[in-house]
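A.B. asks: Sharing a structure, written as structure tokens. Questions coming.
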Amino acid sequence: MILDLHTHSIKSDDGRAKVANYCQWIRARGVPIDGFVLTEHRQFDFASDYGELSRKHDLVILKGAEVETEYGHVLVFGVTEALYGEFDFASTRLPLERVVEHCDAHGAVAVPCHPGRPRVGMSAHLAEHGVPKGVRIVEIHNGGSRDGEDERAVAMAEELGYLGVGGSDSHIVSHIGRCATEFPAPVGSEGALVEALRAEEFRAIPKGESTAG
Amino acid sequence: MSGKTVSAIADVEFGAQLPSFTPDTSIAATRRFGRHVGWNTPRFTDHEGARKEGLPGAIVPGVMSQGFLGAMIHRWAPDAEIVAIDTVFRAPVLVDRPHTITGVVTDVDEDAGTVEIDITVANEAGETRVFGTATARLSKD
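Keeping their order, the protein sequence lines are chains A and B. FYI, in my numbering the residues of the first sequence are 1 to 213. FYI, in my numbering the residues of the second sequence are 1001 to 1141.
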């Protein structure tokens, strides 16, 4: 199963894509993914129910979050109300190690994203803050990367022994599926996604390999 | 101008690609633009001056990039009313470097007579520098 683990909809301040149009695009263009995770900026969208869209288009639609730490941006998968109460998702300066600890304690997974990006990526902050404890997975392929950012992410992951996932970081409809992550078995829920990530059996799909966009 | 133009909402299909083009991002063009709008700041008109401001070189003004995007829409649908162009500037569009303007229809509302278009400015490496959406109104007849 192939999932795009990093997407934004109009729920994010800089997102311009409606979820229904993502689904329509994937099916109309034959984008080779089986679903996607909505990782809205600095929030978790408890309210939206994408069940009908999911059934209509036969796509897995999951929800996560993208929070901001002193090491840059971090995807959180497996958000629950209990986890949401542990720290302020809207903060722009969360302590990464605490985020990871809370995620571990609440059955979630924290994944630093676009780590090769200046300012908002983890590699830019290693010299100042050192290597953070608890990180196992980083996003090594990001559909919005430029100027060698993915190369830096891959190098950092290799050096520090991290596993890698991929996501498009799409903010507009036509960018979905530019990068993705392949899992060996179906993933149909946020809980199953966390299990699959913790099983550490997945493969990041880079932009060139995907046929999307 | 190349490619088929559209005039009515009924002519537009979800996923339709607008004819892309390579805009004039030369320093002469940004200087000309700067003269017309009263922006003769070095960041748009002089590579060396822009570098002194910490930029990699002179950059294309944001509204000029938006103008390119609007031009693409009107090349595709000459009679369309552009209701909105909403852009997110991710990285500078560098002067004297080739860029490509692209657009694709990602929503069609036949009742309202409007289309939503994903719009991007990408550099020669295919990296998205500017993205966003535009809404255009077409004739319902």
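Cβ coordinates follow ideal geometry from the N, Cα and C atoms, glycine included.
1. Could one say the Cβ of ASN142 (chain A) lies closer than 8 Å to chain B's Cβ atoms, at least one of them?
2. Is there at least one Cβ from chain B nearer than 8 Å to ASP269 (chain A)'s Cβ?
3. In chain B, what lies closer than 9 Å to VAL173 (chain A) by C-beta?
4. Taking the alpha-carbon positions, what's the VAL60 (chain A) to PHE46 (chain A) distance?
5. From the DSSP output, in three-state form, read off VAL37 (chain A) for me.
6. Taking 8 Å as the threshold (beta carbon to beta carbon), is GLN43 (chain A) in contact with chain B?
7. Which residues of chain B have a Cβ atom closer than 7 Å to the Cβ of ALA28 (chain A), listed in chain order?
8. Kindly indicate which residue of A:ASP147, A:GLY15, A:ALA108, A:HIS6 has the alpha-carbon position closest to the one of ILE33 (chain A).
9. Can you look up LEU126 (chain A) in the DSSP assignment and give me helix, strand or coil?
10. Could you check how far apart the C-beta atoms of HIS171 (chain A) and GLY35 (chain A) are, in whole angstroms? I think they sit under 8 Å.
11. Can you list, in chain order, the residues of the stretch 41-71 of chain A whose Cβ is nearer than 8 Å to any Cβ on chain B?
12. Would you verify that the beta carbon of ARG146 (chain A) is, or is not, closer than 8 Å to some beta carbon of chain B?
13. Hey, VAL1105 (chain B) and VAL1115 (chain B) are a contact pair by Cβ (cut 8 Å); roughly how many whole angstroms apart?
14. Which residues bound the beta strand (DSSP E) around ALA1050 (chain B)?
15. Taking 8 Å as the threshold, find out whether the stretch 1016-1028 of chain B comes into contact with the stretch 1056-1072 of chain B through three or more Cβ pairs.
16. Kindly confirm or deny that the stretch 1026-1039 of chain B and the stretch 1080-1088 of chain B touch, where touching means at least three C-beta pairs closer than 8 Å.
17. Closest to LEU62 (chain A) by C-alpha separation, out of A:ILE140, A:LEU3, A:ALA153, would be which residue?
18. Is the shortest distance between the beta-carbon of LYS18 (chain A) and the beta-carbons of chain B less than 8 Å?
19. Using the Cα positions of GLY1070 (chain B) and LEU197 (chain A), report the straight-line distance between them to the nearest angstrom.
20. Do GLY164 (chain A) and ALA180 (chain A) have their C-beta atoms within less than 8 Å of each other?
21. Could you check whether ALA82 (chain A) and VAL99 (chain A) sit closer than 8 Å to each other, using their CB atoms as the reference points?
22. Of all the options A:TYR84, A:PHE87, A:THR80, A:GLU40, which has the alpha carbon lying nearest to the alpha carbon of ALA65 (chain A)?
23. Note down, one range per segment and in chain order, each beta strand (DSSP E) of at least 3 residues found wholly within the stretch 1030-1103 of chain B.
24. Where does ILE1009 (chain B) sit, in a helix, a strand or coil, going by DSSP?
25. Against chain A, does ASP1011 (chain B) count as a neighbour if the rule is that its beta carbon must be under 8 Å from one of theirs?
26. If contacts are defined as beta-carbon pairs under 8 Å, then THR1045 (chain B) and THR1030 (chain B) qualify, I think. What distance do you get, rounded to the angstrom?
27. Excluding five sequence neighbours on each side, which residues of the same chain lie with their C-beta closer than 8 Å to the C-beta of VAL79 (chain A)?
28. Which residue from B:LYS1140, B:ASP1118, B:ARG1137, B:GLY1126 puts its Cα closest to that of ASN21 (chain A)?
29. Quick check on ARG1090 (chain B) - is its C-beta less than 8 Å from some C-beta in chain A?
30. Please check if any C-beta of chain A sits within less than 8 Å of the C-beta of ASP1111 (chain B).
31. Using the beta-carbon count (16 or more within 10 Å), is THR211 (chain A) buried or exposed?
32. HIS57 (chain A) lies in the alpha helix (DSSP H); which residues open and close that run?
33. Which residues mark the beginning and the end of the beta strand (DSSP E) in which GLU66 (chain A) is found?
34. Using the C-alpha atoms, what's the distance from ALA204 (chain A) back to VAL19 (chain A)?
35. CA-CA distance, VAL131 (chain A) and GLU101 (chain A)?
36. Using alpha carbons as the reference points, say which of A:VAL194, A:MET156, A:GLY143 lies closest to LYS178 (chain A).
C.D. replies: According to the structure data:
1. Locating residue 142 (chain A) in the first sequence gives position 142, counting from the first residue. So, not an interface residue.
2. Because chain A in this structure spans residues 1 to 213, residue 269 (chain A) falls outside the shown range and cannot be described.
3. Here residue 173 (chain A) refers to the residue found at position 173 when the first sequence is read from its first residue. Those are VAL1104, THR1106, ASP1107, GLU1116, ASP1118, THR1133, listed as they occur along chain B.
4. Taking the first sequence and counting its residues from 1, the one referred to as residue 60 (chain A) is at position 60. Taking the first sequence and counting its residues from 1, the one referred to as residue 46 (chain A) is at position 46. When rounded, the distance between both Cα atoms is 17 Å.
5. Start at 1 with the first residue of the first sequence, and residue 37 (chain A) comes out as number 37. If DSSP states are grouped into helix, strand and coil, VAL37 (chain A) belongs with the strands.
6. Counting from 1 along the first sequence, the entry for residue 43 (chain A) is found at position 43. Output row for GLN43 (chain A): interface = no.
7. As a first step, residue 28 (chain A) is located in the first sequence; it is residue number 28 there, counting from the start. Ordered by position in chain B, the residues that pass the 7 Å Cβ test against ALA28 (chain A) are PHE1014, GLY1015.
8. By one-based count along the first sequence, residue 33 (chain A) stands at place 33. Considering only alpha carbons, the answer is A:HIS6.
9. Within the first sequence, the letter at position 126 stands for residue 126 (chain A). Three-state result, LEU126 (chain A): helix.
10. In the first sequence, counting from the first residue as 1, residue 171 (chain A) sits at position 171. In the first sequence, counting from the first residue as 1, residue 35 (chain A) sits at position 35. Not confirmed; about 18 Å, so no contact.
11. none
12. Taking the first residue of the first sequence as position 1, residue 146 (chain A) is located at position 146. Answer yes: the Cβ-Cβ gap between ARG146 (chain A) and chain B drops below 8 Å somewhere.
13. Locating residue 1105 (chain B) in the second sequence gives position 105, where the first residue counts as 1. Locating residue 1115 (chain B) in the second sequence gives position 115, where the first residue counts as 1. With a Cβ gap of about 5 Å, VAL1105 (chain B) and VAL1115 (chain B) count as contacting.
14. Against the second sequence, residue 1050 (chain B) aligns to sequence position 50. Note, ALA1050 (chain B): premise wrong, no beta strand (DSSP E); alpha helix (DSSP H) at 1047-1052.
15. yes
16. no
17. Locating residue 62 (chain A) in the first sequence gives position 62, where the first residue counts as 1. Cα-wise, what sits closest to LEU62 (chain A) is A:LEU3.
18. In the first sequence, residue 18 (chain A) corresponds to position 18, counting from 1. Interface residue, yes.
19. The residue labelled residue 1070 (chain B) in the question sits at position 70 within the second sequence. The residue labelled residue 197 (chain A) in the question sits at position 197 within the first sequence. When rounded, the distance between both Cα atoms is 43 Å.
20. In the first sequence, the residue the question calls residue 164 (chain A) occupies position 164. In the first sequence, the residue the question calls residue 180 (chain A) occupies position 180. For GLY164 (chain A) and ALA180 (chain A), no; Cβs fall outside 8 Å.
21. Looking up residue 99 (chain A) in the first sequence gives position 99. Looking up residue 82 (chain A) in the first sequence gives position 82. Result no, Cβ atoms of VAL99 (chain A) and ALA82 (chain A) do not sit closer than 8 Å.
22. Within the first sequence, numbered from 1, the residue matching residue 65 (chain A) stands at position 65. Measuring from the Cα of ALA65 (chain A), the nearest candidate turns out to be A:GLU40.
23. 1081-1089
24. Position 9 of the second sequence, counted from the start, is the residue given in the question as residue 1009 (chain B). If DSSP states are grouped into helix, strand and coil, ILE1009 (chain B) belongs with the helices.
25. One-based indexing of the second sequence puts residue 1011 (chain B) at position 11. No, its Cβ sits nowhere closer than 8 Å to a Cβ of chain A.
26. By one-based count along the second sequence, residue 1045 (chain B) stands at place 45. By one-based count along the second sequence, residue 1030 (chain B) stands at place 30. That pair is a contact at about 6 Å.
27. Position 79 of the first sequence, counted from the start, is the residue given in the question as residue 79 (chain A). Around VAL79 (chain A): PHE44, LYS63, GLY64, ALA65, ALA108, GLU190.
28. Residue 21 (chain A) sits at position 21 when you count from the first residue of the first sequence. Nearest of B:LYS1140, B:ASP1118, B:ARG1137, B:GLY1126 to ASN21 (chain A), Cα basis: B:ASP1118.
29. The sequence position of residue 1090 (chain B) within the second sequence is 90, counting from 1. It does: the Cβ of ARG1090 (chain B) has a partner Cβ on chain A nearer than 8 Å.
30. Counting from one through the second sequence, the residue named residue 1111 (chain B) turns up at place 111. No, no contact with chain A.
31. Residue mapping note: residue 211 (chain A) aligns to position 211 of the first sequence, counting from 1. Note that THR211 (chain A) has pLDDT 49, beneath the 50 cutoff, so the model's placement of it is unreliable and the number below is only indicative. The residue in question, THR211 (chain A), is exposed, as its Cβ has fewer than 16 Cβ neighbours within 10 Å.
32. On the first sequence, residue 57 (chain A) is found 57 positions in, with the first residue counted as 1. Its alpha helix (DSSP H) spans residues 51-57.
33. Position 66 of the first sequence, counting from 1, holds the residue named residue 66 (chain A). Element bounds for GLU66 (chain A): 60-69.
34. Here residue 19 (chain A) corresponds to residue number 19 of the first sequence, with the count starting at 1. Here residue 204 (chain A) corresponds to residue number 204 of the first sequence, with the count starting at 1. Rounded to the nearest angstrom, the two C-alpha atoms are 23 Å apart.
35. Working through the first sequence from its first residue, we reach residue 131 (chain A) at position 131. Working through the first sequence from its first residue, we reach residue 101 (chain A) at position 101. Using only the alpha carbons, I get a separation of about 15 Å.
36. Numbered from 1 along the first sequence, position 178 holds the residue referred to as residue 178 (chain A). With the sequence shown as reference, residue 178 (chain A) is identified as Arg, and Lys is not the correct amino acid for it. For ARG178 (chain A), the nearest C-alpha among the options comes from A:GLY143.
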